[in-house]
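All remarks here apply to the structure that follows.
2 protein chains.
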Amino acid sequence: MARLTTIGFDADDTLWENEHFFRLTHAHFAELLADYAEPDVLSRTLLETEMRNLARYGFGIKGFTLSMIETAIEVTGGKVPGAVIGRIVNAGREMLAHPVDTLPNVHETLETMTRDHTLVLITKGDLFDQERKLAQSGLGEFFDAVEIVSDKTASTYRSAFARHGTGPEAAMMVGNSLRSDVIPAIEAGGWGTHVPHTLTWDYERAEPPVEAERFNAIGSLAQLPGLVETLKG
Amino acid sequence: MARLTTIGFDADDTLWENEHFFRLTHAHFAELLADYAEPDVLSRTLLETEMRNLARYGFGIKGFTLSMIETAIEVTGGKVPGAVIGRIVNAGREMLAHPVDTLPNVHETLETMTRDHTLVLITKGDLFDQERKLAQSGLGEFFDAVEIVSDKTASTYRSAFARHGTGPEAAMMVGNSLRSDVIPAIEAGGWGTHVPHTLTWDYERAEPPVEAERFNAIGSLAQLPGLVETLKG
């Protein structure tokens, strides 16, 4: 097989907790609007609002906060009190200050993999927030490059792995999102390795590309060095 | 002098209109809250809120929209109607869809400068929004690299000009902000060229570094090729 020179890592819910904080905020949001909307109607409206706004806001917490505000106005027919909106703004701001909880085995895996590979962090979301999380995680030293991108498509991986490695054919993308990490990396000509997280945003779900030769799934990042060895063997 | 190999360009209010749209939204915001606050009190509160939030939101329209909402809640003591908040959200979203109005002489200047120099676009703000504007501007083809950064400090320019050029000593940054474009580029060891715009956000103001050898000011981008020739002569 072609040499595997470069490994791309997703960040949110691959290296550190993220969806967990969205879920907490979600629950808080449902409480704030309990007098106005059933939790499942609220959830559905919020997801619809988020999807509609992606084309305008892109991914990230600031866009999510604006979508919560819009949803609150919509489900209350404009009657939501200003003070409740203020609490939603605060909830969004608290998310931007949440601690960075590194997932198990991340440190050891990066330490091992960085010895023989070019490591690239490839993440979407708010530029400023992702930089903060990377700095707080203390994981920056393991990476040869960091790409904070507005979306993750095959073309994202083609150019990231060309710029920082030796092209997508010699690269593997590792992440918890089939839709954003695994499938487009395989489409770009690379390997795609899925490391599922117990919490995954509906948007990121997709059918695993089980037919693809370069698709793999591992239960934990701890299995990555072993998988890469096997591929080389 | 050292050879000038690389030229960095700011984008907002250097290549295309930006502050203009903020001012329009500002005026709209003041109208929406005319029953609750004097325009100058509102302006002052909004600027204070923006400054306080920079450390959390960074630069860009989404953070600005959230700061407008927070200000509306603050100046009304929480009494702002949900419908007014809805209009503020819409105003922010409209900014994210505003047309890209290229400033005079931009096209010709970039076309001339790209022949003999590496051109790098260095801009801050929302990643997604800046990518949209660059795509709509049609100016992407003139640039060898694009850096969308969370802030513009001397260290930003040191690394951007090392990555895409031959180091800051051989680079010039061109922009309308003394604070973000000119002063930190000079601090990094490069040239800083100020192209003032009639509208400049208070945050971006600073004393021109008139003592600095590598500081220049030009009235229009059309003067840039001439200035660069002089420096080489």
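Chains A and B supply the protein sequences, listed in that same order. So the first sequence is residues 1 to 233, counted in the numbering used here. So the second sequence is residues 1001 to 1233, counted in the numbering used here. Even glycine gets a Cβ: it sits at the ideal position worked out from N, Cα and C.
Within the segment 1020-1059 of chain B, the runs of alpha helix (DSSP H) that reach at least 4 residues and sit entirely inside it are, in chain order, 1039-1057. Nearest CB-CB separation between A/PHE128 and chain B: below the 8 Å threshold.
Residue pairing of A/ALA145 in beta bridges, as defined by DSSP: A/VAL120. Exclusion of the five residues before and after A/THR109 leaves LEU221 and LEU224 as the residues of its chain whose Cβ lies within less than 6 Å of its Cβ.
B/MET1172 is bridged by DSSP to B/ILE1007 and B/TRP1191.
For the segment 1031-1062 of chain B, the set of residues with a beta-carbon nearer than 7 Å to any beta-carbon of chain A comprises ARG1056, TYR1057, GLY1058 and LYS1062, in chain order. Minimum Cα-Cα distance from B/PRO1081 among the listed residues B/ASP1035, B/PHE1128 and B/HIS1107 corresponds to B/ASP1035.
One finds GLY86 and VAL89 in chain A with Cβ atoms closer than 8 Å to the Cβ of B/GLU1070, taken in chain order.
For A/ASN90, the enclosing alpha helix (DSSP H) covers residues 82-95. Using a 10 angstroms sphere on the CB of B/GLU1050, the tally of other CB atoms reaches 16 or more, which defines it as buried. DSSP places B/ASP1202 within a helical segment (H, G or I) once states are collapsed to three.
Scanning chain A for C-beta atoms nearer than 7 Å to the C-beta of B/ARG1093 yields ARG56, reported in chain order. From the beta-carbon of B/ILE1148, the residues of chain A found nearer than 7 Å are LEU127. For B/SER1067, the closest C-alpha among the options B/GLU1048, B/GLY1192 and B/PRO1099 is that of B/GLU1048. Inter-segment contact for the segment 1126-1141 of chain B and the segment 1006-1021 of chain B is present: three or more beta-carbon pairs are separated by less than 8 Å. Excluding the 5 residues flanking it on each side, A/HIS28 has same chain C-beta neighbours closer than 7 Å at ALA91, in chain order. For the 8 Å CB-CB criterion, B/ALA1188 and B/ALA1212 do not form a contact. For A/THR5, the CB contacts under 8 Å within the same chain, skipping 5 residues up- and downstream, are HIS117, THR118, GLY165, THR166, ALA170 and ALA171 in chain order. Per the Cβ contact rule, the segment 196-210 of chain A is not in contact with the segment 30-46 of chain A (fewer than 3 Cβ pairs under 8 Å). Per the coordinates, the alpha-carbon of B/LEU1046 lies some 18 Å from the alpha-carbon of B/GLY1125.
For B/VAL1075, the closest alpha carbon among the candidates B/HIS1107, B/ALA1037, B/LEU1227 and B/SER1150 is that of B/ALA1037.
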